[in-house]
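Protein chains: 2
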Amino acid sequence: MNAIEIIRKKRDGGKLSYQEIDFMVSNFTSGIIPDYQFSAFLMAAFIRGLDKSETSFLTESMLKSGEIIDLSTIEGSKIDKHSTGGVGDKTSLILTPVVAAAGIKVPMISGRGLGHTGGTLDKLESIPGFRTDLNLSKYKSVLKKCSAVMIGQTKDIAPADKLIYALRDVTATVESIPFITASIMSKKLAEGIDGLVLDVKTGCGAFMKKQSDAVELAVSLGNTAKAFDKKVIAFITDMNQPLGNYIGNWLEVYESIFVLRNKVKNDLYELSTTLAGAMIYLGGKSKNIEEGKKIAIELISNGKAFEKFTEISELQDGDVSFILKPEKYPKSKYRREIHSSKSGYVQAIDTYRIGMTSVMLGAGRLKKEDKIDPKAGIIFYPKIGMKIKKGDLIAEIFTDNKDVIETATDSIKNSIELSRSKTSVPKLIKKKIEF
Amino acid sequence: MNAIEIIRKKRDGGKLSYQEIDFMVSNFTSGIIPDYQFSAFLMAAFIRGLDKSETSFLTESMLKSGEIIDLSTIEGSKIDKHSTGGVGDKTSLILTPVVAAAGIKVPMISGRGLGHTGGTLDKLESIPGFRTDLNLSKYKSVLKKCSAVMIGQTKDIAPADKLIYALRDVTATVESIPFITASIMSKKLAEGIDGLVLDVKTGCGAFMKKQSDAVELAVSLGNTAKAFDKKVIAFITDMNQPLGNYIGNWLEVYESIFVLRNKVKNDLYELSTTLAGAMIYLGGKSKNIEEGKKIAIELISNGKAFEKFTEISELQDGDVSFILKPEKYPKSKYRREIHSSKSGYVQAIDTYRIGMTSVMLGAGRLKKEDKIDPKAGIIFYPKIGMKIKKGDLIAEIFTDNKDVIETATDSIKNSIELSRSKTSVPKLIKKKIEF
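Protein sequence lines, in the order shown, are assigned to chains A and B.
With the first letter of the first sequence counted as 1, position 133 gets the number 133 in this note's numbering; the numbers rise by one all the way through.
With the first letter of the second sequence counted as 1, position 307 gets the number 1307 in this note's numbering; the numbers rise by one all the way through.
Have a look at this one:
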């Protein structure tokens, strides 16, 4: 077996075996296959495609490039959720304590924000003291104690993914369903889970703008999870407007606290309880998703989910006083109220632009090295279909950077499209796919 | 403009502009675009293809990466020939003096042998003292003095080609008609020629096994030459058997001397005079190819072509005594006669194998760094359609390496396929394409 032969085979549309894919991945990861050969391979695979089994082979090879966490000593079903990311998407902060409170283990490994979307790790770290860099033994002990744990990817998990992603990023081979599938699943499967709920977002604030692409990705992710004998359910959900109203790291923790305290019943509440319901069902604690959702709602209303959130935070060294009294959190230097200069029904929201505006305010990153301001962000009130009058408060922005206030204000105003006639509200959960 | 955008455009089947192709080539050549990006670009262009104008753009960009020789101070038409290479193909040694003797300038820049095919430079250098590494001013002065010059590619000519070829070689992107076209034409156009005769070979001893591929390449080469306002004629010629009977560097000079001295009238003579005829026609010294061919035949029979060959050799520091008395050339340590062990009509000759056997004997290279033995090689007598009796002398081999004699003998015997019934002789010149 040699690299050129394998590249040529894929170049000509051939189907690769596990041995061939693993030869490429493992030798690239160990530095034997140079990046110029691997990038030619990536481009050939990008254009010619990888079928269902080749995608599983790639996932398996990337998974095996690193450590696969063994959770067999910890009792109970281990269920996680993966979202493809969006603006204001903070469901992980809510569903993790909910599902843990239902007696299911949630061993969640998350990522950081990049570009217009936020990341769970950045949000958690806005809680003073909260540590997401636990080692494996601490990871297991927290999971055992409180049924959930939320950390970042360690360097031992799927190291091939990091190397391959860095090369895809500079060779125009990012937007490939098989590559995205292998990247996501190699990391999720390393967690040692039994089941996975997928939240694949579609719309102007999602990576998958078109619903058909989102469905294709969901099917590919689900098929791959199935190939590794994992239980899996996928949802296609709307990302044509921010989820909830708060965008920015601490702001999103803040909103999550209010959902967990049963004070808010919005789209975020709806989606979080649905996903939690599916996790509870996969974990064997309900007969179906609907019953699981009822359990989730009950665990929020009886305070157990919120209690679980403080418990997880405490075990991960978070300063719980901020969770119990969120209003005492440090404030941004600048707060600006934005009022509508027009009247009408909200027809569309440029959600990508809202996300990029929050980055501008300090809440996100354009490059991996960029620093984040946990206080910065946007409270954004409009929802599609809502009637707005001229002068209405439509948003509040928070930043320590005076220079960006005017631009951010204009950007938010321009991201809202108003119409004279009533507009239809997009469906939050567009599709459910079972495997 | 940035590399990722251009790679993405070609990846998605887009058509690139000159600016885009030149951005990639010039920045790769200068080291700004890293090899891993350029190899992704190569694979995308390999699979998606480059059309006629994109192929010209690539050629132009590669051409402009280096020096374009200005021959405007030298009077007369400058015409060259390019062959895609084969076994025993020594037409350059014959047609260059023929065409120069006809009063046309032949500013030939050639390559070395690699794999089963030989290279004109290696053949010329088998003449003791013959220098192919002339600098530009010497190149022009030889051309001016004797109407012809034969040198190797300098590092100033199309440096992009060398870099790109090295990357293609290790990324399974060699066998692409547009890339092959740009590689050949960027070097040929740098010679400052007015016209070009193409000899695209097809058959078991050629790079293009199938005639349809050879035609496709010839059309691509011809179209590109046309795009640069060059006169061009292409021939598709047979390479299902060695051309002439001598294979190996000095052996091929030896056979050429005998053709130039009007002593041999074989397939080599036939093809050389046809190609020379086309060059004479393109150079404006005849009304058509046929008349040009008659001039070529006349220049051989009246001794002027042979005289020109000694003149070129002398001006390039070759020891002419070996050309005048070729029998005094040093002999290989070992000479083995090979006799047929069967009778029959020659049905097929594994020409690739004959070429590789000559490499084994010392006449060629597997790697660029390999040394060549100028004396080594094969005199190979069978031709397709010929009747052979058991015991007939079919070949003589020459080598200084005792260890390879037995293997080479077997290899040559096994390369000949005999049939009981008469077999048809393949047409030497299969097709002529004018542009």
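Where a beta carbon is used, it is the ideal one built from N, C-alpha and C, also for glycine.
Note that this is a predicted model, so its numbers are computed, not measured.
Any chain A beta carbon closer than 7 Å to residue i
i	result
B/Y1036	yes
B/R1168	no
B/T1171	yes
B/S1017	no
B/I1004	yes
B/I1047	yes
B/R1335	no
B/R1011	yes
Selection from the options that minimises the alpha carbon distance to residue i
i	options	result
A/Y269	A/K78, A/L95, A/T409	A/L95
B/F1306	B/G1318, B/K1375, B/I1323	B/I1323
A/I21	A/N2, A/D35, A/N223	A/N2
A/L243	A/G391, A/I74, A/F380	A/F380
B/L1315	B/V1149, B/L1136, B/A1045, B/K1371	B/V1149
B/E1075	B/D1213, B/G1103, B/I1006, B/A1190	B/G1103
A/K226	A/V197, A/M386, A/Q241, A/Y352	A/V197
B/F1041	B/R1008, B/V1359, B/V1259	B/R1008
B/L1251	B/K1430, B/T1120, B/L1393, B/S1415	B/T1120
B/H1339	B/K1413, B/K1230, B/Y1352	B/K1413
B/A1190	B/Y1352, B/A1100, B/A1172, B/T1154	B/T1154
A/V170	B/V1142, B/Y1036, B/G1088, B/S1141	B/Y1036
B/R1336	B/K1367, B/I1297, B/L1393, B/E1291	B/L1393
Buried/exposed call for residue i, threshold 16 Cβ in 10 Å
i	result
B/E1255	buried
B/G1031	exposed
A/N288	exposed
A/S301	exposed
A/A234	buried
B/E1406	exposed
A/K123	buried
A/T55	buried
B/N1245	buried
A/E125	buried
B/D1133	exposed
Neighbourhood of residue i by C-beta, 7 Å cutoff - its chain only, sequence neighbours within 5 removed
i	result
A/I177	E216, L217, S220
B/D1319	I1127, P1128, G1129
A/I180	L217
B/R1168	L1042, V1174, F1179
Proximal residues to residue i (C-beta, below 6 Å), its chain only, five neighbours per side dropped
i	result
B/E1326	For clarity, residue 1326 of chain B is Pro in the given sequence; the question names Glu instead. Closer than 6 Å at the Cβ level, and outside the excluded window around B/P1326, lie Y1254, I1257.
B/G1066	D1156, I1157, A1158, P1159
A/R48	K10, G13
A/K389	S343
B/D1317	G1129, R1131
A/Q347	E417, S419, T423
A/S186	T59, M62, L63, A158, D161
Nonlocal neighbours in the same chain, by C-beta distance under 8 Å from residue i, ignoring five residues either side
i	result
B/L1361	G1248, D1373, A1376, G1377, I1378, I1397, F1398, T1399, N1401, V1404, A1408
A/C204	M239, N240, A348, I349, D350, T351, Y352
A/Y139	I69, P107, V149, I151
Beta-carbon proximity of residue i to residue j, cut-off 7 Å
i	j	result
B/T1029	B/L1163	yes
A/Y345	A/K422	yes
A/K78	A/P107	yes
A/D161	A/M62	yes
B/D1080	B/I1193	yes
B/K1293	B/T1273	yes
A/T202	A/Q211	yes
B/I1312	B/K1431	no
B/F1057	B/Y1018	yes
B/I1004	A/A172	yes
A/D267	A/P426	no
B/L1282	B/K1231	yes
B/A1100	B/K1308	yes
B/H1116	B/G1355	yes
A/F207	A/T84	yes
A/G113	A/G284	no
Proximity test, Cβ basis, 7 Å: residue i and chain B
i	result
A/M43	yes
A/A182	no
A/A40	yes
A/R8	yes
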